[in-house]
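>
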Amino acid sequence: KAGVTQTPRYLIKTRGQQVTLSCSPISGHRSVSWYQQTPGQGLQFLFEYFSETQRNKGNFPGRFSGRQFSNSRSEMNVSTLELGDSALYLCASSLATGTGGGYTFGSGTRLTVV
Amino acid sequence: AQRVTQPEKLLSVFKGAPVELKCNYSYSGSPELFWYVQYSRQRLQLLLRHISRESIKGFTADLNKGETSFHLKKPFAQEEDSAMYYCALIKGGSQGNLIFGKGTKLSVKP
Chain A
2 KAGVTQTPRY LIKTRGQQVT LSCSPISGHR SVSWYQQTPG QGLQFLFEYF
52 SETQRNKGNF PGRFSGRQFS NSRSEMNVST LELGDSALYL CASSLATGTG
102 GGYTFGSGTR LTVV
Chain B
67 AQRVTQPEKL LSVFKGAPVE LKCNYSYSGS PELFWYVQYS RQRLQLLLRH
117 ISRESIKGFT ADLNKGETSF HLKKPFAQEE DSAMYYCALI KGGSQGNLIF
167 GKGTKLSVKP
C-alpha cells in the first residue's frame, strides 16, 4: 500500500511569504502529525490532527497552522516566513492518536527561506 | 516536563563490535518508548517499540523504569547499521505526540 506522501519535496520561498505543505496519510490512517526537523533543534512536534480536529499543538508561534480534511489529508501553512523556518517538515500518520500507534513518516518537504 | 536525552551525538564502532545507544527519559507517567532510525537519504522509520519486546535487525531495547532508560543494543554491529537513531516517547491519552531525543549518529567502520 502507498506510504505517507508529502508534496512538494522542495520549496524555496522569500522572507515574508507564506507557504502551504500537503500530506496524504496511509489509507485508513486518521491521525496526522507534523514535525519540524532542523540540525540545531532536532525533531520538534508542531501539531496533530485526528478526524479533522486538532488534538494537540506544540510550542510554535501562531504563524504555523494546519488543518485536516474529511479524507484525512492534511495541510500545514506557515505565514510571514522567517529565515529560521528553513527546515525539513515531516508528516507522520497512524491509525489512532495516543498510545499504541507506531507512526509512519513521509519523506518530508525541504523548505528553504531566503 | 517530558524529555528524551541521547547523550552521544556520534558513536563510532568497528564492524562486529557490540553497540549500545543510550537513551534516558523523564516522564511522570507510564510512557511508550520507541526507537526510530533514519538511513542516509531515506525516511524516518520505526525500528522497535518497547511494548513489542521484539528484536529487529538484531537490535533490542529494554525499558528500565528504575533508571528511566531505554538503551538500544546490538551484539555485533554491521556496516549497514550506520544511520541516525532517534529515541522517542509518547505521552499517550489525548496528547499523543512523539517527543524525540536529538539523535545519535552511528558509524560502523569496516
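These protein sequences, in sequence, are chains A and B.
Residue numbering for the first sequence follows the numbering used here, beginning at 2 and increasing consecutively.
Residue numbering for the second sequence follows the numbering used here, beginning at 67 and increasing consecutively.
The C-beta atom is built at its ideal place from N, Cα and C for all residues, glycine as well.
In three-state DSSP terms, what is residue 63 of chain A?
Coil at residue 63 of chain A, not helix or strand.
> Within 10 angstroms of its Cβ, does residue 118 of chain B collect 16 or more other Cβ (buried), or is it exposed?
The residue is exposed, with fewer than 16 neighbouring Cβ atoms inside 10 Å.
> Any beta carbon from chain B within less than 7 Å of residue 106 of chain A's own beta carbon?
Yes, residue 106 of chain A counts as interfacial toward chain B.
> Could you please give the first and the last residue of the uninterrupted beta strand (DSSP E) stretch that includes residue 21 of chain A?
Note, residue 21 of chain A: beta strand (DSSP E), 20–25.
> Using DSSP's beta-bridge definition, name the partner residues of residue 135 of chain B.
In the DSSP output, where bridge partners are listed per residue, residue 135 of chain B has B:90 and B:130.
> Quick check on residue 53 of chain A - is its C-beta less than 7 Å from some C-beta in chain B?
Not one chain B Cβ lies under 7 Å of residue 53 of chain A.
> Let's test the definition: count the other Cβ atoms within 10 Å of the Cβ of residue 127 of chain B and tell me whether it reaches 16, buried, or not, exposed.
Flag for residue 127 of chain B reads buried.
> What is the DSSP secondary structure of residue 113 of chain B, reduced to helix, strand or coil?
Looking at residue 113 of chain B - three-state DSSP - the assignment turns out to be strand.
> Taking residue 43 of chain A as part of the beta strand (DSSP E), name the residues at either end of that continuous run.
Looking at the DSSP string, the run of the beta strand (DSSP E) that includes residue 43 of chain A is 43–51.
> Quick check on the burial criterion: 16 or more other C-beta atoms within 10 angstroms. Buried or exposed for residue 69 of chain B?
So residue 69 of chain B ends up on the exposed side.
> Got a sec: is the Cβ-Cβ distance from residue 103 of chain A to anything in chain B below 7 Å?
Closer than 7 Å: yes.
> Residue 163 of chain B: buried (16+ other C-beta within 10 angstroms of its C-beta) or exposed?
Looking at its Cβ environment, which holds 16 or more other Cβ atoms inside 10 Å, residue 163 of chain B is buried.
> Would a C-beta distance cut-off of 7 Å place residue 148 of chain B and residue 172 of chain B closer than the cut-off?
Yes, these two residues count as a Cβ contact at 7 Å.
> Can you tell me whether DSSP reads residue 98 of chain B as helix, strand or coil?
Strand, per DSSP.
> For residue 67 of chain B, which of B:114, B:91, B:78 and B:75 has the nearest alpha-carbon?
Looking at the Cα atoms, B:91 is the closest of the given residues.
> Which residue marks the beginning of the beta strand (DSSP E) containing residue 31 of chain A, and which one marks its end?
No beta strand (DSSP E) holds residue 31 of chain A; DSSP gives it neither H nor E.
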